[in-house]
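Numbered according to mature numbering (1 follows the signal peptide of the UniProt record, and there is no 0), the sequence shown spans residues -20 to -1, 1 to 473. Think of the CB as a built atom: it goes at the ideal place given N, C-alpha and C, for glycine as much as any other residue. Only a predicted model underlies this, so the values are computations on that prediction, with no experimental measurement involved. Here the structure comes first, spelled out in structure tokens, and everything after it is commentary.
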Amino acid sequence: MKNNLRLFLVQAFLVYGIQCIGWDEKNALDEYVWKDDGYYKYEILDSFRSVTNESTIYVLNMTSQKWLDDSVSDSSVWWHYMGIAIPDVVDLTDAALVYNDAGRNDPNSSPPDRDDLVNLAISVIAEEIGIVVSYVKQIPNQPIVFKSDPEQKRKTEDRLIGYTWRMFIDNPESPGPEVLARFPMTKAVIKAFETTRTVAAEMRPELNIQRYAITGASKRGWTAWMVACVDKRAIFTIPMVMDLLNLLPNMKHHYRALGGWTFAFKPYYEHNLTVELDNPNTKKLASFVDPYEYKERLNETVKFIISGASDEFFLTDDSHYFFHDLPGPKYMMLLENAGHAMFPHYLDILEAVGAIIKPVFTGQKLPQLDFEYKETEMNGTIIMRSDTPLDAAYVLISKTVDNVRRDWRLHKGEPPSASDIEWDDYEIQANPDGSYSYTVEKDPEGKWTAFFLRAEFTGENDWDYIITSEAHIVPDVFPFPECFGQGCRGELL
């Protein structure tokens, strides 16, 4: 069965200045996602046995909501394809894993069939772990034409989201914060929770799903954060390649590191959003959609943050602006030599999630790691301590290609091309006290060196998983000053 996991999963999932808000407070996002607008419904389109004949997959069309009305866009009613895999043997009868995915609602679109890789993937995961696994697609509903768009272009992905940011910043009162695409994206996943629970109980009355793990990548990784921020049933969140929490300070950090903006921000740059970082309306926007603003709600949520160390969207040390402030259980998995697509680490990711999901739901102990960073004018040292024996420990190291920018992106430039960034790994041995450490010296040519430690463990089903430290940079100085207002326009790099 593990060979099946490797075969199917590697191909499937990844081809494709404001007070924090506690649970006692409710804001516009809470009101939106929990409001019954009368549009939610679902229809089972098909069902079939998995290729291993050990689970049944149900394919559905689910309508999650009506987002605003037809005066705002041509896609006010949001619908999604869903798949739900119920294994014959269910060990976790009160839990489910939900993957929120992309997709389009074109007129000629069709639901994933029996041989679609995503259906193969969820069935194998369900069978291996003994848990109901589902996916919800079309997050966000797209393409969309906005009535106020003078170009009347069909917008998808970041251009869609960026346009809603521009609408809110220009006029935060009308139609209000629910114009932000993150609102309906979050609600759609919560409705996918409901659909998963209802269908599972209908097909197998012994299943009573009350707890969820939620995952997704990029924009869907952001949604995985937000779902955990508004729904207590999401006890385990696995956001992938989305670590821009503490949004506005982190964006300022981005500019100070690069002296401009990554080419991947182009959809937001085209909406002239970089000059709005100091706009009070942008701060209001962040208060609704920045997971950092909800961090007090995440105390009981297990957070497993997966990021590419050479992501083209986000910076290697983004975590410095939020990770230490997150309460409760939290883990990081930095992927060396990986950009936003996370290649070539698909199997690493899926085995890691598979190894720890059952312990999370059953309350079994996971390793507790403590990382300490010490810095002098000449070097930096990471020290790692674990209460659980490691299979192995490594340091991952990479230098910038020049002494101009703190830049470890796998691709860069406009138009983008491959960079010369590489990460090297070296196994390290335990110190006499059982800790692990590594020291990096300041580069004599003025380049920056990024490094992090990686701990390897064996978990559930003998699957391997990785926990890493945050990345640290020597020297920890920025090449560019902070930008303000119109000075943040910058250029794409």
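- In the DSSP assignment, Arg277 falls outside any alpha helix (DSSP H) and carries neither an H nor an E.
- About 5 Å separates the Cβ atoms of Leu315 and Gly288, confirming a contact at the 8 Å cut-off.
- Per the coordinates, the alpha-carbon of Pro87 lies some 20 Å from the alpha-carbon of Lys127.
- Pro67 is bridged by DSSP to Ser35.
- Shortest Cα-Cα distance from Val116 to any of Asn85, His452, Ile109 and Glu131 involves Asn85.
- By the beta-carbon neighbour count (other beta carbons within 10 angstroms, threshold 16), Lys171 is buried.
- For Ser90, the closest of Asn99, Leu97, Ser114 and Tyr61 by C-alpha to C-alpha distance is Tyr61.
- Closest option to Trp3, judged by alpha-carbon separation, among Leu278, Ile109 and Val70: Leu278.
- Cα atoms of Arg200 and Asn80: separation of roughly 6 Å, rounded to the nearest angstrom.
- By the 16-neighbour rule on beta-carbons within 10 angstroms, Thr217 is buried.
- Residue Thr448 holds the alpha-carbon nearest to the alpha-carbon of Arg365 among Thr448, Ala318 and Ser290.
- Taking C-beta atoms as the reference points, Leu228 and Ala266 count as a pair closer than 8 Å.
- Residue range Arg162 to Met183 is occupied by the alpha helix (DSSP H) that includes Ile170.
- Under the DSSP assignment, Ala435 falls outside any alpha helix (DSSP H), being part of the beta strand (DSSP E) whose first and last residues are Thr429 to Thr438.
- Contact between Tyr38 and Ile64 holds: CB atoms are separated by about 5 Å, below the 8 Å threshold.
- The beta carbon of Val454 lies closer than 6 Å to those of Gly360, Val420, Lys422 and Thr429 in the same chain, with the five residues before and after it left out.
- Leu473 is not a Cβ neighbour of Lys246, given a cutoff of 8 Å.
- Collapsing the DSSP output to three states places Trp14 in a helix.
- Following the DSSP letters along the chain, one finds Arg29 inside the beta strand (DSSP E) bounded by residues Lys21 to Arg29.
- In this structure, Asp305 keeps its C-beta atom at 8 Å or more from the C-beta atom of Gly465.
- Per DSSP, the beta-bridge partners of Arg191 are Ala75.
- Taking the Cα positions, Leu238 is about 8 Å away from Pro459.
- For Ser267, the enclosing alpha helix (DSSP H) has its first and last residue at Pro260 to Val269.
- The criterion of a C-beta distance shorter than 8 Å is not satisfied by Ala332 and Tyr192.
- The beta carbon of Ile363 sits closer than 6 Å to the beta carbons of Glu352, Ser415 and Ser417 from its chain, once the five residues preceding and following it are set aside; these are given in chain order.
- Around the CB of Thr438, fewer than 16 other CB atoms lie within 10 Å, so the residue is classed as exposed.
- Beyond the five residues adjoining it in sequence on each side, Glu402 comes within less than 7 Å, by CB distance, of Asn317 and Ser378 in the same chain, given in chain order.
- If you ignore the 5 residues before and after Asp367, its C-beta comes within less than 7 Å of the C-beta of Pro347 and Gln348, all in its own chain and listed in chain order.
- By the Cβ rule, the segment 159 to 174 counts as touching the segment 12 to 21, because three or more pairs are nearer than 8 Å.
- About 6 Å separates the Cβ atoms of Val52 and Pro155, confirming a contact at the 8 Å cut-off.
- Cβ-Cβ distances below 8 Å link Asp400 to Val381 in the same chain, with the five nearest sequence neighbours on each side left out; the list follows chain order.
- DSSP, read as helix, strand or coil, puts Arg213 in coil.
- Note that the C-beta distance between Asp270 and Asn226 is below 8 Å.
- Relative to the Cα of Pro339, the nearest Cα in the group Asp50, Leu72, Asp10 and Val13 belongs to Leu72.
- In this structure, the alpha-carbon of Met42 lies about 44 Å from that of Cys463.
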